[in-house]
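Quick note, the sequence shown lines up with residues 16 to 216 if you use the working numbering. Backbone N, C-alpha and C fix where the C-beta goes; we use that ideal spot for every residue, glycine too. Below: one structure, written as structure tokens.
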Amino acid sequence: MMQAIEFWFDFVSPYAYIAAQSVEQLAARYGRTVDWQPVLLGAVFRETGSGPLTMRPPVMANYFRHDFERSARFAGLSLRLPDNFPVSTHNTARVCLWLKQQAPQMTGEFVRRVTSAYFNGDVPVNDPVWLADIVSGLGLDAHSAVAACADSHWKDALREQCETAIARGIFGAPWIVVDGESFWGNDRLPQVERWLAQGSF
């Protein structure tokens with residue numbers, strides 16, 4: 016069996032939102048699946064000394080704000096930075112990890128619905144009740160999803176996720192790993208496809 020494509024992301028990463036809408040289709044064209052790996056960029060940034068692109072010097076931040084929207088349009092998507100951007104997504108990530116265990120085949124759809132909602136409206140992306148509605152819409156147990164937000168097991172699992180990301184040198188999102196080769200950013204998807212098609216280059 017061919018290795019899954021690892022997709023490391025934070026739910027409030029604009030570029031991860033864009034890539035998440037198409038990465039499963041890309042993987043399927045080459046007989047691959049996607050291993051969704053939620054992480055908290057805030058934890059990663061504290062370790063790396065970095066920060067959100069919108070908190071760079073104004074000339075850079077303004078460019079990135081423009082590029083978020085342009086990149087989305089290029090991919091046939093809409094994107095509007097929410098007023099509460101960026102926010103912590105610890106509950107969202109815990110529910111995602113719970114979902115990977117309960118219904119792994121639905122994880123991609125969960126990620127797409129959450130990110131699409133966040134980048135097209137001021138939704139409370141980290142609120143357990145709001146997340147329960149998303150999970151219910153997938154035909155899954157909303158009560159268990161809410162419980163996962165406060166469950167020490169999923170808290171520990173997310174902490175381990177972040178520690179693993181840092182240990183592996185992940186510093187941004189989306190971070191895509193194919194056969195051990197790492198690619199950072201939505202704009203690296205063409206390189207990911209080349210790798211899938213022909214191997215290393």
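Residue i, DSSP secondary structure in three states
i      : result
Ile191 : strand
Val74  : helix
Gln117 : helix
Phe100 : coil
Phe22  : strand
Pro53  : strand
Phe83  : helix
Phe198 : strand
Pro139 : coil
Gly123 : helix
Closest Cα partner of residue i within the set the options
i      : options                        : result
Pro67  : Ala188, Trp199, Ser215         : Ala188
Gln206 : Arg71, Val74, Ala34            : Ala34
Thr130 : Phe24, Met17, Gln18            : Phe24
Val144 : Ser65, Ser159, Ala43, Asn135   : Ser159
Glu196 : Gly214, Gln40, Ala180          : Gly214
Asp171 : Asn106, Val192, Glu39, Phe83   : Asn106
Phe60  : Trp199, Arg203, Ile185, Leu204 : Ile185
Arg127 : Ile20, Glu178, Val38, Ala19    : Val38
Asp98  : Pro139, Tyr32, Glu175, Ala180  : Pro139
Arg203 : Ala182, Phe26, Leu41           : Leu41
Leu56  : Phe79, Ala31, Leu155           : Ala31
Gln116 : Pro29, Gln36, Arg183, Leu155   : Leu155
Beta-carbon proximity of residue i to residue j, cut-off 7 Å
i      : j      : result
Leu114 : Thr104 : no
Arg109 : Trp190 : no
Asn135 : Ser93  : yes
Ala132 : Ala147 : no
Pro101 : Val27  : yes
Ile181 : Glu84  : no
Cβ distance (whole Å) where residue i is taken to contact residue j below 8 Å
i      : j      : result
Leu211 : Val193 : 6 Å
Arg15  : Met17  : The chain is shown only over 16 to 216; residue 15 falls outside these bounds and no answer can be derived.
Leu153 : Glu124 : 6 Å
beta-carbon residue i near the ligand NAP non-hydrogen atom, thresh 6 Å
i     : result
Arg80 : Absence of the ligand NAP is noted for the structure shown, with no ligands found whatsoever.
So, do the segment 68-77 and the segment 160-172 have three or more beta carbon pairs nearer to each other than 8 Å?
-> no
Segment contact, 8 Å Cβ cut-off, at least three pairs: the segment 74-93 with the segment 42-51 | no
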